[in-house]
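Chains as they are written, first to last, in the numbering used here: chain A, 82 to 414; chain B, 404 to 697.
Here's the structure, in C-alpha cells; my notes come after.
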Amino acid sequence: MIRRWIVLLSLAVLAALALAGLPFVGMERIPLAALWRQGKEMDVTIFWKLRLPRVMMAFLAGSGLAAGGLAFQAVFRNPLAEPFTLGVASGAALGAAVYIHLKLPFSLLWISGVSWFAFAGALLAVVLVYGMTRARQGFSTATMLLAGVAVSFCFSSLILFMQYLSDFTQSFLLLRWVMGGLDRVVGFGEVLTVLVLVGMGTAIVLYLTHELNLVTTGEELAISRGVAVNRTKTLLFVAVSLMVGGIVSVCGPIGFVGLIVPHICRLMVGPDHRFLTPAALLCGAILLSLCDTLARTLLAPTELPVGILTALLGGPFFLWLLVRRAPLDDAVV
Amino acid sequence: MMAMVHQPTEIVLDIRDFSFCLGGKEILHQVSFSVARGEFLSIVGPNGAGKTTLVKCIDRLLVGGSGRIEVFGRPLESYRQRDLARRISYVPQADGRVIPFTVRQFVLMGRYPYLNPFSSIDREGRRAVDDALRMTGTAEFAERRLDTLSGGERQKVYIAAALAQGADIILLDEPTTFLDYRRQAEIRDLLTRINHEGGTTIVCVTHDLNRAALDSDRIVALCGGRVAFIGTPAEIMNPEALERLFQTPFLLTPHPQVPISVIVPGPPPRPPRGQDDPLALDFRTAAQETPLKP
Numbered sequence: 082m083i084r085r086w087i088v089l090l091s092l093a094v095l096a097a098l099a100l101a102g103l104p105f106v107g108m109e110r111i112p113l114a115a116l117w118r119q120g121k122e123m124d125v126t127i128f129w130k131l132r133l134p135r136v137m138m139a140f141l142a143g144s145g146l147a148a149g150g151l152a153f154q155a156v157f158r159n160p161l162a163e164p165f166t167l168g169v170a171s172g173a174a175l176g177a178a179v180y181i182h183l184k185l186p187f188s189l190l191w192i193s194g195v196s197w198f199a200f201a202g203a204l205l206a207v208v209l210v211y212g213m214t215r216a217r218q219g220f221s222t223a224t225m226l227l228a229g230v231a232v233s234f235c236f237s238s239l240i241l242f243m244q245y246l247s248d249f250t251q252s253f254l255l256l257r258w259v260m261g262g263l264d265r266v267v268g269f270g271e272v273l274t275v276l277v278l279v280g281m282g283t284a285i286v287l288y289l290t291h292e293l294n295l296v297t298t299g300e301e302l303a304i305s306r307g308v309a310v311n312r313t314k315t316l317l318f319v320a321v322s323l324m325v326g327g328i329v330s331v332c333g334p335i336g337f338v339g340l341i342v343p344h345i346c347r348l349m350v351g352p353d354h355r356f357l358t359p360a361a362l363l364c365g366a367i368l369l370s371l372c373d374t375l376a377r378t379l380l381a382p383t384e385l386p387v388g389i390l391t392a393l394l395g396g397p398f399f400l401w402l403l404v405r406r407a408p409l410d411d412a413v414v
Numbered sequence: 404m405m406a407m408v409h410q411p412t413e414i415v416l417d418i419r420d421f422s423f424c425l426g427g428k429e430i431l432h433q434v435s436f437s438v439a440r441g442e443f444l445s446i447v448g449p450n451g452a453g454k455t456t457l458v459k460c461i462d463r464l465l466v467g468g469s470g471r472i473e474v475f476g477r478p479l480e481s482y483r484q485r486d487l488a489r490r491i492s493y494v495p496q497a498d499g500r501v502i503p504f505t506v507r508q509f510v511l512m513g514r515y516p517y518l519n520p521f522s523s524i525d526r527e528g529r530r531a532v533d534d535a536l537r538m539t540g541t542a543e544f545a546e547r548r549l550d551t552l553s554g555g556e557r558q559k560v561y562i563a564a565a566l567a568q569g570a571d572i573i574l575l576d577e578p579t580t581f582l583d584y585r586r587q588a589e590i591r592d593l594l595t596r597i598n599h600e601g602g603t604t605i606v607c608v609t610h611d612l613n614r615a616a617l618d619s620d621r622i623v624a625l626c627g628g629r630v631a632f633i634g635t636p637a638e639i640m641n642p643e644a645l646e647r648l649f650q651t652p653f654l655l656t657p658h659p660q661v662p663i664s665v666i667v668p669g670p671p672p673r674p675p676r677g678q679d680d681p682l683a684l685d686f687r688t689a690a691q692e693t694p695l696k697p
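Laid out in C-alpha cells, this is it:
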C-alpha cells in the first residue's frame with residue numbers, strides 16, 4: 082500500500098521534472114530567462130511558441146494513449162489490446178484524413194472539426210473491432226488481433242486512396258502526418274483542444290476505476306457483483322475514442338505507448354486500477370515526452386517522427402508479450 | 404429433508420413459465436418453481452439440461468427470455484444491476500482464468516454494490532470482508548495472488564467474495580466438480596454453515612445426486628430444458644424416477660446413518676478378470692513362453 086503511494090509520488094516528481102526541464106533541451110540552447118520572457122526575442126519565441134506547447138502536447142498524448150491502452154486491456158481482457166493494435170488510431174487517422182481532404186472548415190464547442198472527425202473515426206473502429214470480437218464466442222486473442230489488423234488495413238488503404246486523390250503537397254502532408262509526430266504543434270491552441278478531449282476521457286476512466294477492476298476478473302463476475310457492464314463499456318469506448326481522436330488529429334497515430342505503459346505500471350503498482358490509472362497517466366506523459374525530445378534532438382536539425390521511435394520500442398515489446406506465455410486468452414498481467 | 408424453520412415462508416425467488424432461447428434453440432421451456440427464504444435448493448439434471456443457463460438467467464448474466472422471474476416480489480427487469488447484486492450473488496463454475504489480484508483484493512470487490520465511484524471501502528465493508536475470509540478459511544492466504552491457488556482454495560475464495568457481497572441468495576454453479584473428496588467435503592460444510600448460520604438461501608447446480616439429496620431441502624431436476632421433477636430428496640431418490648431422468652439404470656441402497664436412499668455404483672458388466680478371463684490367461688501364457696533372458 083505504502084509502496085504504491087511512493088511509486089505514484091516518484092512518478093509525479095519525475096513528470097514535474099520532465100515538464101520543467103525538457104523544454105530547455107534541444108538544438109537551440111534556451112537560457113532560463115526565457116521563462117519570464119526576457120533575453121533574446123528568438124529564445125522567448127522558441128520556448129513559448131514551440132518547446133513548451135510541444136512538451137505539453139507530448140504529456141497529454143502520452144497520458145491519453147496510456148489511459149486508452151489501460152482501458153482496452155481491461156475491457157478486452159487482453160494484454161495486447163491498445164488503441165493502435167486494435168485499429169482505433171487508424172480509424173481516427175482516417176476520420177482526420179477525410180476532414181483534411183474535404184477541406185471542411187468547421188468547429189464545434191471550440192474544438193476543431195478535424196478532432197471531431199477523428200473521434201468519429203475512432204469510435205467507428207472500436208465498434209467494428211468489438212463487434213467482430215463479440216460475434217465469435219468469447220474474446221479470443223486471435224479474433225481480436227485479426228479484427229484489429231483487418232480494420233487497420235481497411236482504414237489505411239482508404240487513407241492511401243485519399244493520398245492518391247490528393248495533389249502532391251497535400252499527399253506529402255498526409256504521409257508525414259500518418260507517421261505520427263508532434264512537430265506541427267505551434268502555440269497553445271491545439272494543446273487546449275487536446276487538453277479538453279483527453280481531460281474528458283481521463284475523467285471517465287478515473288470515474289470507472291472500480292468497474293475496470295471488476296471487468297478484469299471477467300464479464301460474468303463483474304455483472305454478478307453489480308456492474309452495469311454494457312454501460313461501462315460504452316462509456317469507456319467513448320472515452321478512449323475522445324482521447325485518441327483528439328491526439329491523432331494533432332499528432333497522427335503514435336503506436337505502442339498505450340501498450341507498453343500499462344504493463345510497466347502493473348509491474349510497479351500492481352493490478353488495482355485505482356493506483357494503476359494515475360500511474361499510467363503519469364508514466365505515459367513521461368515516456369512520450371522523453372521519446373519526443375529524443376526524436377527532435379537525435380538527428381537534429383532534422384526531426385525523426387516520434388511514431389517511428391515508439392514503434393521501435395513497442396514492436397519488440399509486443400512480440401515479447403506474444404511469445405512470453407502460451408495461453409494469452411484471459412491473461413491480463 | 405430439513406423442515407422449513409422460517410415461518411411463514413417468504414418466497415424470495417419465483418420463476419413462472421420461463422423460457423429461454425439461445426441461437427435459435429430453446430434451452431429452457433416453461434420452467435416454473437419458487438424458492439423460500441433460507442432454503443437449500445439443488446438443481447440437478449443431465450448434461451445440456453439447461454441448469455447453467457437457468458442460473459445465469461436468474462442473475463441476469465443472460466438477458467431475454469419469456470415468462471417471469473421475480474426476486475423478493477419484484478420483477479427481475481426492474482432491478483438495477485447494483486441492487487440485484489445486493490440480493491443475489493453468483494459463484495461461477497471453477498475455471499483456470501488468470502486473475503491478477505490478491506485474495507483480499509478479490510473479496511473486497513464483492514463490496515462493489517455498496518461503493519460509490521470515489522469512495523474507498525467503509526468499516527462495515529471491511530468487517531464483511533474479514534468475516535467472509537474467516538468463515539471460508541481463506542484468511543490465511545489472503546495476501547496471495549488468486550492464480551497461485553489450487554482449485555479448492557480458489558473455489559473457497561469465490562464463495563468468500565459472494566459472501567462479502569452480503570446477498571440474500573447465493574447461486575452456485577457446480578461448486579465441487581473437479582475437487583477431491585476432502586475439498587468437496589470442505590465446500591459442502593461451508594455451504595451448509597452459510598445456509599444454517601447466516602440464513603442465506605442457497606441455489607446450487609450440481610451433478611452429485613447423493614450430496615444434493617443429503618444437503619438440500621428440495622431438489623429441482625431439469626431435463627431437456629423442462630422441469631422434470633420438483634420435490635424432496637426422498638422423493639427423487641428412487642430407481643424409477645432417476646432412470647426416467649437420466650436414461651440409465653440406478654442402484655440405490657439405504658444410507659447407514661440417515662433415512663434416505665443413496666446411489667451406489669453398479670458392478671461392471673463383464674466378470675472381473677481372474678482365472679477364466681481369456682485376456683488375463685493370454686497375458687500369463689505369453690509371459691511364460693518367453694522367459695526373460697538373464
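Using N, Cα and C, we set each Cβ at its ideal position, and we do this for glycine too.
It should be emphasised that the depicted structure is a prediction, and the values quoted were computed from it without experimental measurement.
Quick one: is residue i buried, meaning 16 or more other Cβ sit within 10 Å of its Cβ, or exposed?
i         : result
A:Asn-311 : exposed
A:Ile-83  : exposed
B:Val-494 : buried
B:Ile-573 : buried
B:Ser-522 : exposed
A:Leu-98  : exposed
A:Asp-248 : exposed
B:Glu-556 : buried
A:Gly-307 : buried
Sorted by chain position, which residues of the same chain lie with C-beta nearer than 8 Å to residue i's C-beta, five sequence neighbours on each side aside?
i         : result
B:Ala-570 : Ala-488, Arg-489, Arg-490, Ile-491, Ser-492, Thr-603
A:Ser-370 : Ala-99, Leu-100, Leu-103, Val-136, Ala-139, Phe-140, Gly-143
B:Ile-633 : Phe-436, Arg-621, Ile-622, Val-623, Ala-624
A:Pro-334 : Phe-165, Ala-170, Ser-171, Ala-173, Ala-174, Val-259, Gly-261, Gly-388
B:Pro-642 : Pro-652, Phe-653, Leu-654, Leu-655
B:Ala-615 : Ser-445, Val-447, Cys-607, Thr-609, Ile-622, Pro-636
A:Trp-401 : none
Going along chain B, which residues have a C-beta under 8 Å from residue i?
i         : result
A:Arg-132 : What A:Arg-132 touches in chain B: nothing, since even the nearest Cβ is about 36 Å away.
A:Pro-343 : What A:Pro-343 touches in chain B: nothing, since even the nearest Cβ is about 12 Å away.
A:Leu-359 : The amino acid occupying residue 359 of chain A in the given sequence is Pro; Leu does not appear at that position. Those within 8 Å of A:Pro-359 in chain B number zero; the least Cβ separation is about 13 Å.
Using a Cβ cut-off of 7 Å, pull out every chain B residue sitting near residue i, in sequence order please.
i         : result
A:Leu-302 : Pro-495
A:Val-308 : Gln-484, Tyr-515
A:Gly-299 : Arg-500
A:Pro-352 : Pro-503, Phe-504
A:Ser-305 : Asp-462, Leu-464, Ala-488, Ser-492, Tyr-493
Would residue i pass as an interface residue toward chain A - the criterion being a Cβ-Cβ separation below 7 Å?
i         : result
B:Arg-687 : Low confidence applies to B:Arg-687: its pLDDT is 49, below 50, so where it sits in the model is not reliable, and the reading given next is rough at best. Not an interface residue.
B:Asp-525 : no
B:Met-512 : yes
B:Arg-485 : yes
B:Ala-488 : yes
B:Pro-670 : no
B:Asp-583 : no
B:Asp-462 : yes
Since I believe residue j is in contact with residue i (beta carbons under 8 Å), could you give me their beta-carbon distance rounded to a whole number of angstroms?
i         : j         : result
A:Pro-382 : A:Met-108 : 6 Å
A:Leu-131 : A:Leu-226 : Actually they do not touch by this definition, with Cβ atoms about 38 Å apart.
B:Cys-607 : B:Ser-445 : 5 Å
A:Ile-176 : A:Met-324 : Correcting the residue identity first, residue 176 of chain A is Gly in this sequence and not Ile. Going by Cβ atoms, the distance from A:Gly-176 to A:Met-324 rounds to 14 Å, so no, they are not a contact pair.
A:Gly-261 : A:Val-338 : Incorrect: roughly 10 Å between the Cβ atoms, too far for contact.
B:Leu-518 : B:Ile-562 : Not a contact, Cβ separation roughly 21 Å.
A:Leu-357 : A:Val-350 : 6 Å
Between residue i and chain B, is the shortest Cβ-Cβ distance under 7 Å, so that the two count as touching?
i         : result
A:Gly-143 : no
A:Leu-38  : In the structure as shown, chain A starts at 82 and stops at 414, and residue 38 of chain A therefore has no counterpart that could be examined.
What in chain A is Cβ-close to residue i, meaning under 7 Å?
i         : result
B:Ser-422 : Chain A residues near B:Ser-422: none, gap ~21 Å exceeds 7 Å.
B:Gln-508 : Asp-353
So, at 6 Å on beta carbons, what are the nonlocal neighbours of residue i in its own chain, with the 5 sequence-adjacent residues on each side left out?
i         : result
A:Gly-172 : Gly-202, Ala-203, Leu-205, Ala-206, Phe-236
A:Leu-151 : Pro-343, Ala-361
B:Arg-629 : His-432
A:Val-88  : Met-349, Val-350
Keeping to the same chain, check which residues put their C-beta closer than 7 Å to that of residue i; ignore five residues upstream and five downstream.
i         : result
B:Thr-656 : Ser-664, Val-665, Val-667
A:Lys-314 : Val-156
Is residue i near the ligand SAM, judged by its Cβ being under 6 Å from some heavy atom?
i         : result
B:Glu-577 : For the structure depicted, the ligand SAM is absent and the ligand set is empty, with no information on it obtainable.
List, in order along the chain, the chain A residues whose C-beta lies closer than 9 Å to that of residue i?
i         : result
B:Gln-568 : Ser-305, Arg-306, Gly-307
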